[in-house]
Each structure stands twice: as C-alpha cells, then as structure tokens.
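Written out below as structure tokens is the structure these notes cover.
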Amino acid sequence: MNAAGFPLLSLLTFLPLAGVVAILAIRGDEATVASNARWTALWTSLIVFVLSLILWARFDPRMADAQFVEQANWLPEFGVNYHMGVDGISMLFVLLSTLLTPICILASWEAVQNRVREYMIAFLVLETMMVGMFCALDLIIFYVFFEGVLIPMFLIIGVWGGQRRVYAAFKFFLYTLLGSVLMLLAILALWYRAGTTDIAGLMDNPVPISWQYWMFLAFFASFAVKVPMWPVHTWLPDAHVEAPTAGSVILAGVLLKMGGYGFLRFSIPLFPDAAAYFAPLMFALSVIAVIYTSCVAFAQDDMKKLIAYSSVAHMGIVTIGLFTFNQQGISGAIFQMLSHGIVSGALFLCVGVLYDRVHSREIARYGGVAKIMPAYALVFMLFTMASVALPGTAGFPGEFLVITGAWKSSGWVALGAAMGMILGAGYMLWLYRRVIFSKVTKAEVRGLLDLSPRELAIFAPLILLTLWMGLYPSSFTHVWEASVAALVERHEAALAIPRMAGL
13 MNAAGFPLLS LLTFLPLAGV VAILAIRGDE ATVASNARWT ALWTSLIVFV
63 LSLILWARFD PRMADAQFVE QANWLPEFGV NYHMGVDGIS MLFVLLSTLL
113 TPICILASWE AVQNRVREYM IAFLVLETMM VGMFCALDLI IFYVFFEGVL
163 IPMFLIIGVW GGQRRVYAAF KFFLYTLLGS VLMLLAILAL WYRAGTTDIA
213 GLMDNPVPIS WQYWMFLAFF ASFAVKVPMW PVHTWLPDAH VEAPTAGSVI
263 LAGVLLKMGG YGFLRFSIPL FPDAAAYFAP LMFALSVIAV IYTSCVAFAQ
313 DDMKKLIAYS SVAHMGIVTI GLFTFNQQGI SGAIFQMLSH GIVSGALFLC
363 VGVLYDRVHS REIARYGGVA KIMPAYALVF MLFTMASVAL PGTAGFPGEF
413 LVITGAWKSS GWVALGAAMG MILGAGYMLW LYRRVIFSKV TKAEVRGLLD
463 LSPRELAIFA PLILLTLWMG LYPSSFTHVW EASVAALVER HEAALAIPRM
513 AGL
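Everything in the sequence shown is counted per my numbering, starting at 13 for the first residue and increasing by one.
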C-alpha cells in the first residue's frame, strides 16, 4: 500500500471497469441505451482523470523511486505478485492516458451511432489496460496489461473503422502480437533464472552479459513494433487510416508510447551492456525512420496517412533520445513522447472535424477552409506549428533536448534527428496550405460550419497543454528529473563493472 494506506493506483486502474458494469446494466430502447452509455462512459473517465490529478498533486518529484506502491500476493509460489507504483517516468503517462480517454469519448459523441454501448465499453476497458501498464512493477503484470491493450483496440478498428477495417485490424493485431511472444519467452527465462518477475528484484540480480544480448533482442521484437520503428512500421498507416477518429487519437496519443516506455523501463535498465552494444543499430534504424518516413509523408494524399507517417518520424526522434544514455537525451525523449501524444492526437481530431462534415480525408477535396471556418483554421495552425517544433509550442523542447543529447554521442545522429524537424516543416506546412489557404474549389466546402461548442471543449485542454509545455517546459521535466538521473547513474555504473574487471 502507499503511505496513506489507500489503494489509489488500483482505483485509478480498475474504476473504468465499474463504468463497464454500469453500461452493461443499462436497459431501454436503442436511443436510450446509446445516450446513457455515452454519459456513463464520459462521467467515469472524468472521475478517473480527477483521481489522476490528485495522484499528480501528491506525487513527490524529488524521489527517484516508485511512489504509491501497492503489493499483494497473486502467484506467490511462482514469485509473481500484484505490484503497482509510479515514478517520475510513468507519472505523466498515466495522466496522458486519463486525459485523452474523455476527449476520445467526447469526440465520438456524434460520430459513432452504431453499437454505442459496445464502443464505450471498449474505450473504458482500454483505459484500464493503459493505466495498469504504466503502473505495473512486475513483468508479468506489465505483460498482461501490455497485451490486454490489443483486444479493445482491435475491436475499435475492426468494428467501427473504415472500409478496409478488418484488414487493418488483423494487421495491427498480428504485428504487435507476434513480437510480444518473444518478449514473453524472455520474461519466462528471466523468471527461471531469478525466481521472480518483480522489476526491483530483477534489478538487484543483474542479468549475465551472455544473456543480455538475447534478452534485449527478444524485448526489442515487441517494443520496436509498438513504437513503431522502421521497417516494422507498416501496420501503423493502415491502422490510422481505417480507425475511427477517436481510435486514431488514442493510438497515436498513448499506444505508440508503449514501445518507448518499454525500452526506458525494461530494456535499458535490465540489459545495460546489450543496450550500449545495440545503440548504434538503434541510432541507424531511428535516423532511417526519421528521414524515410518524412519523405514518404510528402507523397500522401490522405491527411490521416500523412500524420501517421509523421508519427513514425517523431517516434524515431524518441528512440534516438532514449539510446543516448544521457540526461538531456532521455529527458527529451520523454518530453517528445508526451508532447507527441498531445499534438498528434489533436491533429487527428482536426482531421476528424473535417471528415465529420465532408466524409473525406483526401487533401484535394479541401481548400480555402480559413475563409469558412476561421476558428478551426486557427486551432489547426497551432497544432501544425507544434508538430514542426516551433519554439513556444510543445513540440520544441523535446526535440531540442534530444538533438542536444544526441550531439554528445554522435554529430551525425544529431544531424539525422535535426533533419526530421526540417522535413517535418515541409510536409506539415504543405498540408496546411493545401487544406486551409488554397482556393475554394468544392461546393461541399462552402457550406461548412465552424467549430461547435463540443468541439471547442475538446480542443481547449489540448491547446492549453500545447502552449504550457512549450512556454514552461521545466514544470514537466522536473517530474522525471530525479528518476532519469537515477537511471543514467545506474546505467553508467553497470557499464563500469565489466570495464573494471577487464571484460
């Protein structure tokens, strides 16, 4: 239990399932069930978000270790316990998950009209899995939540997606599941050796160097797909294009962070020698992702697909930062993951606003939107500028810190990361100009209505966070500063041991 004796993390994790039970209990005609399901899901997710704010308010950023720790026997005979806690690295990812869930529910208010009850249940189950994954301090518990995310996301894409939704859903599921099977085998190997899957216990029982390389590759197979890294990124554009708007928001906002978080939480601290050995490979794959997918983004005529390729490029910058093994690079990677979650989610919402009105994501179908929807054009401009890392927006501090950290490792890697900013400015500004400022050529665009009060309410917190993170980044970096410093120190100490032994 935590210091106060109250299981706050368990409440945060499993409260959405209480909303699921309440939705299942709703009776009445189809319209009544749909309306009550929406309101139940919204209020449940808002209560969870408020609880996460309480968690943040009570969190002590000066402590590097896990806080609000809860532990109970689950499979004691196998050394597997229910072990939950948050540190500076995971704290804000919990907040990101609880913030985007009610936003996604609001974004689906009118867009989803079929099987509304099941849709809301899928999102609440997804929230439980996301929060539990970021709080888990046992590898088996982490794996349960990590893989549990696949089921509701598979249904969200496959049931409420576009014309090719079944193909995209199965591609998403198979890519992510196959990589995770190897990780499960590695977890079982670690348990066989140490007799426990508790992360703290594994940290106190260092993995032999001869094991580390195989363990790292097994975890890499899972996390690289989740990021996704080049060349296992091809599932992402299809998933984004076919997913409903809210599905794309949660996929880009939270689910893409699972891989980066996994590298940071497990691969680097548990296998330090292997992480250092494979760092050049990680840099090479990341730079290729940044440059290649940015160039591919220029060729897209679908707005969602363009933003999807942009996400691969941005996550390439994240993996560069993680494997610099220094304070600036890792802090920048965490900041980049959080800011990308906000900004990319908002960009998919911007696409969804137009799609709800015209039912097309083709860039050529739009033009001159600024003349008809000026408020929308202003909102879209802010998130476009954040995506290209304009100083003063959320996109800048993370990329700046990553490039600074990468420079300490390799000037060429830093240049590759910087190329992402240059190319990103090109394709994002091209997209914005075509949609917002070109000549109005379609009659269907002339009659569009500007943002509704509901849409303004959806964008308001994302606008606030985009500016807050850009203008006052230290209010976020100080949350994980102690935890990252401890991680870097442990990594350097682990690498020093074989050098001192002459190995």
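Idealized CB from N, CA, C, for every residue including glycine.
A straight line joining the alpha-carbon of Leu151 with that of Ile199 spans about 7 Å. Following the DSSP letters along the chain, one finds Gly344 inside the alpha helix (DSSP H) bounded by residues Gln339 to Val370.
Put simply, the region 280-296 does not touch the region 363-372. Fewer than three CB pairs are less than 8 Å apart. In the DSSP assignment, Glu82 falls within the unbroken beta strand (DSSP E) covering Gln79 to Leu87. Setting aside the 5 residues that flank it on each side, Ser351 is surrounded in the same chain by Ala406, Gly407, Gly410 and Met481, each with a C-beta closer than 6 Å to its C-beta; the list follows chain order.
Around the Cβ of Phe18, a 10 Å sphere holds fewer than 16 other Cβ atoms; the residue is exposed.
Contact annotation, Ala255 with Ile168: C-beta distance approximately 7 Å; criterion of less than 8 Å satisfied.
Considered as a whole, the region 35-71 harbours 42-70 as its complete alpha helix (DSSP H) runs of no fewer than 4 residues, in chain order. Taking the Cα positions, Ile280 is about 11 Å away from Leu507. Distances from the alpha-carbon of Val425 to those of Gly357, Gly379, Pro292 and Gly436 put Pro292 closest.
CA-CA distance, Pro88 to Glu493, rounds to 34 Å. When Cβ pairs closer than 8 Å are counted between the two stretches, the region 47-62 is seen to touch the region 129-146, the count reaching three or more. Collapsing the DSSP output to three states places Met96 in a strand. Distance from the CA of Cys147 to the CA of Arg377, rounded to the nearest whole angstrom, comes to 44 Å. Annotation: Leu460 to Met385 spans about 7 Å, alpha carbon to alpha carbon. Under the DSSP assignment, Asp216 falls outside any alpha helix (DSSP H); it carries neither an H nor an E label. If you look at Thr396, you'll find it in the alpha helix (DSSP H) that goes Pro386 to Ser399. Under a 10 Å Cβ-count criterion, Ser343 is classified as buried, with 16 or more other Cβ atoms of the shown protein chains found around its own Cβ. Secondary structure note for Trp121: it is in no alpha helix (DSSP H), with a DSSP letter that is neither H nor E. Counting the other CB atoms within 10 Å of its CB gives Pro403 a total below 16, which places it among the exposed residues.
Going by C-alpha positions, Ile300 is about 22 Å away from Asn338.
Within the region 152-188, not a single complete beta strand (DSSP E) segment reaches 3 residues in length. Here DSSP, grouped into helix, strand and coil, assigns Asp285 to helix. Under DSSP, Asp314 forms a beta bridge with Glu374. The residues Thr396 and Val400, in chain order, have a CB closer than 8 Å to that of Leu441 in the same chain once the five nearest residues on each side in sequence are set aside. Beta-bridge pairing by DSSP links Asp150 to Asp210. With contacts defined by Cβ atoms closer than 7 Å, Ser64 and Leu21 do not form a contacting pair.
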